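Residues -8 to 317 in the working numbering are what the sequence shown spells out, letter by letter.
Every residue, glycine too, gets a C-beta built ideally from N, C-alpha and C.
Just so you know, these numbers come straight off a predicted model, no measurement behind them.
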Amino acid sequence: MPHQVFSDADWIAAAARLSQRGIPMSAPNPSVGCIIVKDGRVLARGWTQEGGRPHAEAHALQALGGDASGADIYVSLEPCAHVSQRGPSCADLLVAAAPKRVIIGQLDPDPRTSGKGVKRLKSEGIVADVLDSQHARQSLSGYMMQAEHGRPFITLKLAVSSDGFIARKAPKNQCEDQWITGEEARAHVHSRRAKQDAILVGGGTWRADNPRLDVRLPGLENRSPTRYLLTRNPPEKGAKSLKMLKNVDQMTDIHTLYVEGGAQTAQSFLEADLVDRIELYTAPITIGDGTKAPAGILPAALQKWQLVETCQLGSDHFAAYQRKQA
């Protein structure tokens, strides 16, 4: 069988996927992926570690003892160019490691690094190319949204019945099942929560349902996101308050926000044009009476969005949509 040859774009896409291992534990830093390759063979891999250090490049180089002579290094975000109290810059570490090339998925919008990391590498005779990879950009969506627009990347999650309801009528007794989706879909939601910095519901949902809003998958409990309520009332115990939607620009330490609110909260985010991704779980059941899904996720409205992911979860169907590029 002939040896498979991967392109630079392939390796950057792999580095972007690798970076997801650090989300959201790398906060306040973005999670970056790094792969060191020589003669088509992977020598080392790294991703941003818990608390933001070591960075992906440092993590990968540690496995090689700091020597990457003649190798190609693929990194999803431009290596940092500023020295901090927490360690040397990744650009300096890469220079010392002496690779042949450094291929970069995205330039860093941080003014302390933007372009400077590439310049530092080139100044030492190292080939440094930026691919402007959409795979890398997608993996850094929260970091890029904060840097470019001053707010988190916002995902709206909803579970809906086949006849367009997101909730049943109030139960007659506590034994009556209120779930719309099955166990597989609910476990998938927890896996999605585990990748978010923060999760939000409306104040009414909080008071009526007392939701835990945590991650209940074995081994991932420590990845439960920070809880927020959309409410003008004083903060509730165990949650922070977002008083108005326009205040999302004050969530400067949050890169990704997962909105699980009811119909009113969902509609508010859609009308304010603050939703970047819709994650829709559709169950093959009819409800007939209850809370209708917001107009923004009806089939006609979803034509304005691009379908980017779909899968079957037991009897339920999952679909993810993102904004269509202008």
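Item: DSSP bridge partner residues for GLU300 (one or two, in chain order); Value: ALA311
Item: Endpoints, alpha helix (DSSP H) assigned at CYS81; Value: 81 to 88
Item: Nearest-angstrom Cβ-Cβ length linking LEU265 and ILE157, presumed shorter than 8 Å; Value: In fact, because the Cβ distance is near 19 Å, the residues do not count as touching under 8 Å.
Item: Three-state secondary structure assigned by DSSP to LEU265; Value: coil
Item: Buried or exposed by the 16-neighbour rule on C-beta atoms within 10 Å, applied to GLY102; Value: According to the sequence as given, residue 102 is Pro; it is not Gly. The residue is exposed, with fewer than 16 neighbouring Cβ atoms inside 10 Å.
Item: Among MET242, PRO90, VAL239, the one whose alpha carbon lies nearest that of MET59; Value: Per the sequence shown, the amino acid found at residue 59 is Ala instead of Met. Considering only alpha carbons, the answer is PRO90.
Item: Backbone CA spacing between ASP205 and VAL(-4) [nearest angstrom]; Value: 42 Å
Item: 8 Å Cβ cutoff met for GLY252 and THR196; Value: yes
Item: C-alpha gap between GLN11 and LYS234, whole angstroms; Value: 31 Å
Item: Length-filtered (4 minimum) alpha helix (DSSP H) runs lying within the stretch -1 to 83; Value: -1 to 10, 47 to 53
Item: Residues of its chain near ALA189, where Cβ-Cβ distance is below 6 Å and the 5 sequence neighbours each way are ignored; Value: PRO216, THR217, TYR219, ILE245, LEU248
Item: Near the ligand GTP: ALA62 beta-carbon under 7 Å from a heavy atom; Value: For the ligand GTP, the structure offers nothing, since it holds no ligand at all.
Item: LYS315 vs TRP296 beta-carbon contact at 8 Å; Value: yes
Item: As assigned by DSSP and simplified to three states, the class of VAL180; Value: helix
Item: Alpha-carbon to alpha-carbon, GLN294 and TYR312; Value: 10 Å
Item: 7 Å CB neighbourhood of ILE14 in its chain, flanking five on each side removed; Value: SER22, LYS186
Item: Coil, strand or helix - ILE278 by DSSP; Value: coil
Item: Rounded separation between ILE117 and ILE27 - CA only; Value: 14 Å
Item: Three-pair Cβ contact test at 8 Å for the stretch 125 to 134 versus the stretch 32 to 41; Value: no
Item: Minimum C-alpha distance to PRO285 - residue among ASP(-1), ASP154, ILE276; Value: ASP154
Item: CB of PRO143 within 8 Å of CB of MET136, strictly; Value: yes
Item: The stretch 270 to 281 in contact with the stretch 219 to 229 per 3-pair CB rule at 8 Å; Value: no
Item: Whole-angstrom distance between ALA82 and GLN125, CA atom to CA atom; Value: 23 Å
Item: Cα-Cα separation between LEU304 and ARG8, rounded to whole angstroms; Value: 22 Å
Item: Cβ-Cβ separation, ALA176 to TYR272 (assumed contact under 8 Å), whole Å; Value: 5 Å
Item: Selection from LYS113, LYS231, GLU48 that minimises the alpha carbon distance to SER67; Value: GLU48
Item: Straight-line Cα distance separating GLY106 from GLN241; Value: 27 Å
Item: Alpha-carbon to alpha-carbon, LEU55 and PHE309; Value: 41 Å
Item: Three-state secondary structure (DSSP) of ASP205; Value: coil
Item: Status (buried if at least 16 other CB within 10 Å, exposed otherwise) for SER182; Value: exposed
Item: Extent of the continuous alpha helix (DSSP H) run through LYS231; Value: No alpha helix (DSSP H) holds LYS231; the beta strand (DSSP E) holding it covers 231 to 233.
Item: THR222 - DSSP class collapsed to helix/strand/coil; Value: coil
Item: Helix, strand or coil at LEU236 [DSSP, three-state]; Value: helix
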